[in-house]
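The block underneath contains the structure these notes are about, expressed in structure tokens.
Numbering (this note's numbering), first residue to last: 19 to 519.
And the structure:
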């Protein structure tokens, strides 16, 4: 079964962009063949302009100096032309969406243009593809800025993520819930392969391509699996490695209060990266039941449900690998690593947030006491942990630094005494400094993103640039931007983010 195109699958090639010297492009994924990708042609985006860029990502890709000011790159990263040596392909995959098998999906508004320095480069919003399913293939400025900034934020927090090279905009109109302007975000990752790629070939009976895909992933991204015997043992080793990476990722999400919002299997990275920034949110008040996606009417992807949803998605991946492994019990045993690994990783994350090098029995007891207290009063997640980190410098709350967050002060006062006693018993040095390195002062709250978006709509990109600088170093004080670390304004509670965001 080959990809089902919504338009001719072999469009005419566009002329390469003139100007910059040829870059050393590679095309490892698209070289897998036409069952994996469909070629596409540039879809002109009128009068593009630069919105934002990451100098660090450009340097990692070994782009030439001044790329972010060059018209050739502006048009190429807007999807208008091809840089010499690059190609445009859209990838086919399938997946479960909100727990229901959705069948064939694919890159409906993203195209892979090639690989530089071991990183795939993908344009999101560059126009229709054979998998657009009657969509326009465009992204809007609002969602592109959110993805760009959150990619920077997650990287700054040390959480595995796709990166973003740039955002370009255009005054061209795109209709979503209302008229908006178009944009393209150039995102970067070692690979954009998803759980849904494996589901696609497994469900459609393309076992040869399933073998090909699994071998490609192992050879390029999980070489340790090559130490395992070929055949079923090697594919079980792959499943185990993906399970462990996914568990570690979810532990890090939960530790910083990150809500993904739409954890469908087609949005799950085979490399354990945070992938596809749509209706995401960092928690304001700590609430395990918080739903950040306005389209998630049943709360399937509520904050506290995210680890269970990752576990469920791994079962879907395991099912997709059955044709290669041939033993359902063996795959189940491997996926059941997840709860244990997640528990270990989550405990390690919480230990670091509390100033310890490793989990401790007393620390676990304190954590078990603390989280229900935070949830009962919806205490601001980021502010609590940052204030606790500063409080730990002297273990004294005479100014109410922590206790003033709570309406009911007695339980947290008792807890703080126990926290102090634990650290005195352990005798660890520089507790506050340890905690300040583990508990960020800044996260990309929705209302802060809205400020950058509102300014950008007026062609003012200074707020985006300032916010980007803060988010790449979120553990530093940045006193000139203190307002971004304060409590969210009342109007922030009314921000609604949906799957179109």
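For every residue, glycine included, the Cβ atom is placed at its ideal position computed from N, Cα and C.
Is it buried or exposed for residue i, if we count other Cβ within 10 angstroms and need 16 for buried?
i	result
residue 92	buried
residue 67	exposed
residue 9	In the structure as shown, the chain begins at 19 and stops at 519. Residue 9 is therefore absent and cannot be evaluated.
residue 358	exposed
residue 519	Residue placement at residue 519 is poorly supported in this model, since its pLDDT is 45, which falls under 50; the coordinates are not used for a value here.
residue 522	Only positions 19 to 519 of the chain appear in this structure, which leaves residue 522 out of reach.
residue 108	buried
residue 290	buried
residue 457	buried
residue 415	buried
residue 511	exposed
residue 476	exposed
residue 417	exposed
residue 442	exposed
residue 282	buried
residue 325	buried
residue 502	buried
residue 396	exposed
residue 331	buried
Which same chain residues end up closer than 6 Å to residue i when comparing Cβ atoms and leaving out the 5 residues on each side of it in sequence?
i	result
residue 413	438
residue 34	Reliability fails at residue 34, whose pLDDT of 47 lies under 50, so the model's placement of it is uncertain and no value is given.
residue 585	Residue 585 cannot be examined here, being either before or after the span of the chain that is shown, 19 to 519.
residue 299	277, 310, 464
residue 89	none
residue 404	457, 459
residue 26	Residue confidence is low: residue 26 scores 32 on pLDDT, short of 50, so the model does not pin down where it sits. Its coordinate-derived value is still stated next. So the list is empty, once near-sequence residues are dropped.
residue 509	none
residue 171	462, 489
residue 449	373, 410, 441
residue 262	359
residue 146	155
Taking 7 Å as the limit between beta carbons, can you name the residues of its chain near residue i, skipping five residues before and five after?
i	result
residue 189	65, 199
residue 215	111, 231
residue 506	302, 463, 465
residue 514	312
residue 123	111, 112, 113, 149, 214, 284
residue 385	368
residue 487	none
residue 370	456
residue 360	265, 268, 269, 325
As a quick exercise: from the options, pick the residue whose alpha carbon is nearest that of residue i.
i	options	result
residue 322	423, 308, 162	308
residue 388	477, 247, 294, 429	429
residue 489	345, 177, 377	177
residue 48	231, 151, 94, 195	231
residue 196	164, 175, 158	158
residue 440	471, 377, 400	377
residue 497	459, 514, 465	459
residue 314	361, 280, 306	280
residue 143	113, 186, 365, 122	186
residue 192	167, 162, 213, 217	162
residue 269	297, 366, 467	366
residue 116	69, 334, 138	334
residue 494	474, 454, 471	454
residue 266	363, 375, 326	363
residue 120	261, 285, 273, 140	285
residue 249	209, 345, 410	345
residue 56	205, 372, 113, 125	125
residue 373	446, 325, 396	446
residue 228	449, 407, 342	342
residue 275	306, 259, 247	306
Rounded to whole angstroms, how far is the Cβ of residue i from the Cβ of residue j, which I believe are closer than 8 Å?
i	j	result
residue 500	residue 481	Incorrect: roughly 15 Å between the Cβ atoms, too far for contact.
residue 202	residue 95	7 Å
residue 164	residue 173	In fact, because the Cβ distance is near 15 Å, the residues do not count as touching under 8 Å.
residue 127	residue 155	4 Å
residue 72	residue 183	6 Å
residue 252	residue 236	7 Å
residue 168	residue 295	5 Å
residue 336	residue 257	6 Å
residue 70	residue 483	7 Å
residue 209	residue 239	6 Å
residue 492	residue 175	6 Å
Taking 8 Å as the limit between beta carbons, can you name the residues of its chain near residue i, skipping five residues before and five after?
i	result
residue 392	304, 399, 402
residue 79	134, 135, 137, 139, 183, 206
residue 521	Since the first residue shown for the chain is 19 and the last is 519, residue 521 is missing from the structure and cannot be characterised.
Are the C-beta atoms of residue i and some chain B residue less than 8 Å apart?
i	result
residue 333	Absent from the structure is chain B; it holds one protein chain and no more.
May I have a chain-ordered list of the beta strand (DSSP E) segments no shorter than 3 residues that lie completely inside the segment 320-345?
none
Would you list, in sequence order, the uninterrupted alpha helix (DSSP H) runs of no fewer than 4 residues that lie entirely inside the segment 49-115?
73-78, 89-94
What are the start and end residues of each continuous alpha helix (DSSP H) run of 4 or more residues lying completely inside the segment 250-303, in chain order?
250-274
Quick one: which unbroken alpha helix (DSSP H) runs of 4-plus residues sit fully inside the segment 381-423? Chain order, please.
399-409
For the segment 170-230, which segments carrying the beta strand (DSSP E) assignment without a break, of at least 3 residues, lie completely within its bounds, in sequence order?
181-193, 197-207
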